[in-house]
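Data block below; observations after.
Protein chains: 2
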Amino acid sequence: MERDVSAKIRLYVEHPLGEAQTLPLSREQAHYLFGVMRQGAGDHLLVFDGKCGEWLAQLEQAGKRGGTLRVLEQTRPLRMPPDLWLMFAPIKKARTDFIVEKAAELGAARIIPVQTAFTNAGRIQRDRLQAHAVEAAEQCGGTFVPEVTDLQKLPALLDGWNADRRIMFCDEAAPSGAPVLPDAPGPWAVLIGPEGGFSDAERQRLRGLSHAHPVSLGPRILRADTAAVAALTLWQQALGDWT
Amino acid sequence: MERDVSAKIRLYVEHPLGEAQTLPLSREQAHYLFGVMRQGAGDHLLVFDGKCGEWLAQLEQAGKRGGTLRVLEQTRPLRMPPDLWLMFAPIKKARTDFIVEKAAELGAARIIPVQTAFTNAGRIQRDRLQAHAVEAAEQCGGTFVPEVTDLQKLPALLDGWNADRRIMFCDEAAPSGAPVLPDAPGPWAVLIGPEGGFSDAERQRLRGLSHAHPVSLGPRILRADTAAVAALTLWQQALGDWT
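Protein chains in written order, with numbering that gives the first Met the number 0: chain A, 0 to 242; chain B, 0 to 242.
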């Protein structure tokens, strides 16, 4: 059988994948594949479930409200990102979406929206943010989708923190040229504050934690979304899977 | 006289600034200051011109279609970014705007939209992109505004290139874990390709340039806007003013 290995469409599915399975398509997936992307029965695509790698699949039945696909063979194994979390204070909608997208692209394993003293958002739309993480993984060839958690309050998060996980604490008030990351492998989390920065009390608490490492992101003030991308980049370069 | 040093509004003005000057406000500036921000005569703000640093100023006349401000005293000298250019292939509108905003925040000195073999955009709105760079500088406390040039074709740009300026060539096809930046101070330019990457001919030409250094941005495929932020971050950390 001839394989269309040039399949460009990548779809995240919630079912655990394995050879010779037939999977149902949701209404949204059917709309995307057959309505938007003009695919039909017989066409190939790539699917991944976030756990079992990436698989070549073929569309079997195509309908307006659903359909089925058949899983053919694994094209790539699961590639886990490093054990890096991103904690960030949600900001305006578009920029929050952007942070989640970029965190998924840059290989964060978990994304935790955090409510700080100066965070405006009192709630988030977790499902929408999770959908952005899925879309980023689909677009960018990832086989893993980071979980987006519910909004958590910073004090409670720090109360329950396992000190084995170091915190890269991106602090506007850190002296420029501050020591960069210690060469410490293992679990980490990046912490980005809101546009107004951290409160004095938050900064004091974080500076008192031996597992938190204040880091400066240069002499210019960065927006929170820029800071998130810059911090994840620096971590990946120093301690992650970029080298 | 009491100074309102908590002035939060920062405005870019095109006039060269100096002590005790009176400057006219444009219609747009008047609308922003008096309509949107509810300022009035007597209120203070910060102004910068991209050349003479940041100055405290006071609004003198407030009108619907204009007004004047008086420049009081310099609050910060001009801080030039390093001699780093960003060359990028324009993509969808929102993401192109984003790249320009981020480049200004991250301290690029010049922003060059580049037409490559796989670039969709045949033209750009230079004035709109320049306005984004100005807004980013206003927001982020910068005293310098990078120039956004007209769209340039990559082959012509490379033909006229001064080899003293090294190129950080962000290549999806570079081997992961490729050597990072050489420790070479002096002028640099970051080059980011379009979503489809570079053509074989472009890649071959760039690889043949002794002043171009291919760099890998990790094992995941990054969108062009993510790649731009990540590359500028790595450069600033290695060779720029972040350390």
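Even glycine gets a Cβ: it sits at the ideal position worked out from N, Cα and C. Predicted, not measured: the structure shown is a model, and the values here were computed from it.
Relative to the C-alpha of alanine 116 of chain B, which candidate in B/Lys92, B/Phe87, B/Gln124 has its C-alpha closest? Stepping through the second sequence from its first residue, residue 116 of chain B is reached at position 117. The shortest Cα separation from alanine 116 of chain B among B/Lys92, B/Phe87, B/Gln124 belongs to B/Phe87.
- Kindly give me the distance between the Cβ atoms of glutamate 137 of chain A and arginine 109 of chain A, rounded to whole angstroms, as I take these residues to be in contact under 8 Å. Against the first sequence, residue 137 of chain A aligns to sequence position 138. Against the first sequence, residue 109 of chain A aligns to sequence position 110. About 19 Å separates the two Cβ atoms, so there is no contact after all.
- Query: Which term fits valine 35 of chain B, buried or exposed, when burial requires 16 or more other beta carbons within 10 angstroms of its beta carbon?
  - Reply: Counting from 1 along the second sequence, the entry for residue 35 of chain B is found at position 36. Under this definition valine 35 of chain B is an exposed residue.
Contacting residues, own chain, Cβ-Cβ under 6 Å from isoleucine 123 of chain B (five flanking each side not counted): Numbered from its first residue, the second sequence carries residue 123 of chain B at position 124. Only Pro89, Pro112, Leu150 meet the Cβ criterion.
Can you tell me which residues form a DSSP beta bridge with isoleucine 110 of chain A? Here residue 110 of chain A refers to the residue found at position 111 of the first sequence. Partner(s): A/Leu85, A/Val147.
**Request:** Give a yes or no on whether 8 Å exceeds the smallest Cβ distance from leucine 128 of chain B to chain A.
**Result:** As a first step, residue 128 of chain B is located in the second sequence; it is residue number 129 there, counting from the start. So no, leucine 128 of chain B is outside the interface.
**OP:** Run the CB neighbour count on aspartate 224 of chain B, radius 10 Å, all protein chains shown included, and call it buried at 16 or more, exposed below.
**Re:** What you label residue 224 of chain B is simply residue 225 of the second sequence in a count that begins at 1. Burial is judged here by how many other beta carbons sit within 10 angstroms of a residue's own beta carbon; aspartate 224 of chain B has at least 16 and is buried.
Query raised in the report: Any C-beta of chain A sitting closer than 8 Å to the C-beta of alanine 229 of chain B?
Result: Here residue 229 of chain B refers to the residue found at position 230 when the second sequence is read from its first residue. Look at alanine 229 of chain B: its C-beta is under 8 Å from a C-beta on chain A.
Exercise. Between the Cα of serine 198 of chain A and those of A/Thr118, A/Gln60, A/His14, spot the shortest distance and give me the residue it belongs to.
Key: As a working mapping, residue 198 of chain A is identified with position 199 in the first sequence. The shortest Cα separation from serine 198 of chain A among A/Thr118, A/Gln60, A/His14 belongs to A/Thr118.
Span of the beta strand (DSSP E) holding isoleucine 166 of chain B? Sequence index remark: in the second sequence, residue 166 of chain B carries index 167 (1-based). Per DSSP, isoleucine 166 of chain B belongs to the beta strand (DSSP E) from 165-169.
Quick one: which chain A residues come within Cβ less than 9 Å of cysteine 139 of chain B?
-> On the second sequence, position 140 is the one that residue 139 of chain B refers to. Within chain A, the residues placing a beta-carbon under 9 Å from that of cysteine 139 of chain B are Arg219, Ile220, Leu221, Arg222, Thr225, ordered along the chain.
For phenylalanine 47 of chain B, which of helix, strand or coil comes out of DSSP?
In the second sequence, residue 47 of chain B corresponds to position 48, counting from 1. In the three-state reduction of the DSSP assignment, phenylalanine 47 of chain B falls in the strand class, which pools E and B.
- [ ] Within the same chain, show all residues whose beta-carbon is closer than 6 Å to that of valine 144 of chain B, passing over the 5 residues directly before and after it, in chain order.
- [x] Position 145 of the second sequence holds residue 144 of chain B. Within its own chain, the residues whose Cβ lies closer than 6 Å to the Cβ of valine 144 of chain B, once the five positions on either side in sequence are excluded, are Gly49, Ala132, Val133, Ala136, listed in chain order.
### Task
State the Cα-Cα distance for the pair tryptophan 54 of chain A and threonine 67 of chain A, rounded to the nearest angstrom.
For the purposes of this step, residue 54 of chain A is identified with residue 55 of the first sequence, where counting begins at 1. For the purposes of this step, residue 67 of chain A is identified with residue 68 of the first sequence, where counting begins at 1. Computed Cα separation, rounded: 15 Å.
Contact set for glutamate 201 of chain B: own chain, Cβ-Cβ below 7 Å, skip 5 residues either direction: As a working note, residue 201 of chain B is residue 202 in the second sequence. Only Thr115, Ala116, Leu153 meet the Cβ criterion.
Quick one, which of A/Gln38, A/Leu231, A/Leu71, A/Lys63 has its alpha-carbon nearest alanine 19 of chain A's? As a position in the first sequence, residue 19 of chain A is number 20, starting the count at 1. Of A/Gln38, A/Leu231, A/Leu71, A/Lys63, the residue nearest in Cα terms is A/Leu71.
**Report entry** Start and end residues, alpha helix (DSSP H) containing threonine 232 of chain B
**Finding:** For the purposes of this step, residue 232 of chain B is taken as the residue at position 233 of the second sequence. If you look at threonine 232 of chain B, you'll find it in the alpha helix (DSSP H) that goes 223-238.
Test: valine 4 of chain B CB closer than 8 Å to a CB of chain A: Within the second sequence, numbered from 1, the residue matching residue 4 of chain B stands at position 5. Model confidence at valine 4 of chain B stands at a pLDDT of 47, short of 50, so the residue's coordinates are unreliable; what they give is reported in the following sentence. For valine 4 of chain B, no CB of chain A lies under 8 Å from its own CB, so it is not counted at the interface with that chain.
Nonlocal neighbours in the same chain, by C-beta distance under 8 Å from glycine 59 of chain A, ignoring five residues either side: For the purposes of this step, residue 59 of chain A is identified with residue 60 of the first sequence, where counting begins at 1. The sequence shown places glutamate at residue 59 of chain A, not glycine. Closer than 8 Å at the Cβ level, and outside the excluded window around glutamate 59 of chain A, lie Thr21, Ala40, Gly66, Thr67, Leu68, Arg69.
Kindly indicate which residue of B/Gln129, B/Gln57, B/Gln73, B/Arg37 has the alpha-carbon position closest to the one of lysine 63 of chain B. Looking up residue 63 of chain B in the second sequence gives position 64. With distances taken between Cα atoms, lysine 63 of chain B lies closest to B/Arg37.
_Limits of the alpha helix (DSSP H) - the one that proline 154 of chain B falls within_ = As a working mapping, residue 154 of chain B is identified with position 155 in the second sequence. It spans 153-158 - the alpha helix (DSSP H) in which proline 154 of chain B sits, taken as one unbroken run.
- Does DSSP put aspartate 69 of chain A in a helix, a strand or coil? Within the first sequence, residue 69 of chain A is the residue found at index 70, counting from 1. In the sequence on display, residue 69 of chain A carries arginine and not aspartate. Under the three-state reduction of DSSP output, arginine 69 of chain A falls in the strand class.
* To do: Under the assumption that arginine 222 of chain A contacts threonine 142 of chain A (Cβ atoms under 8 Å), give the Cβ distance between them as a whole number of angstroms.
  => Along the first sequence, read from residue 1 onward, the residue named residue 222 of chain A stands at position 223. Along the first sequence, read from residue 1 onward, the residue named residue 142 of chain A stands at position 143. Between threonine 142 of chain A and arginine 222 of chain A the Cβ distance is about 30 Å, and since that is not below 8 Å, they are no contact.
*Which stretch, first to last residue, makes up the beta strand (DSSP E) that contains glutamine 60 of chain B?*
Locating residue 60 of chain B in the second sequence gives position 61, where the first residue counts as 1. 53-61 is the span of the beta strand (DSSP E), which, as asked, contains glutamine 60 of chain B.
Next on the checklist: Which residues in chain A have a C-beta closer than 9 Å to the C-beta of glycine 106 of chain B? List them in chain order.
Outcome noted: Here residue 106 of chain B is taken as the residue at index 107 of the second sequence, counted from 1. Those within 9 Å of glycine 106 of chain B in chain A are Gly217, Pro218, Arg219.
Contacts of aspartate 240 of chain B in chain A (Cβ-Cβ under 7 Å) | Position 241 of the second sequence, counted from the start, is the residue given in the question as residue 240 of chain B. At a C-beta separation below 7 Å, aspartate 240 of chain B has these neighbours in chain A: Gly217, Pro218.
For glutamine 203 of chain A, which three-state DSSP category applies? For the purposes of this step, residue 203 of chain A is identified with residue 204 of the first sequence, where counting begins at 1. In the structure shown, glutamine 203 of chain A falls within a helical segment according to DSSP collapsed to helix, strand and coil.
### Message
Please list the terminal residues of the continuous beta strand (DSSP E) segment that includes isoleucine 191 of chain B.
### Response
Position 192 of the second sequence, counted from the start, is the residue given in the question as residue 191 of chain B. Isoleucine 191 of chain B: member of the beta strand (DSSP E) spanning 187-191, first to last residue.
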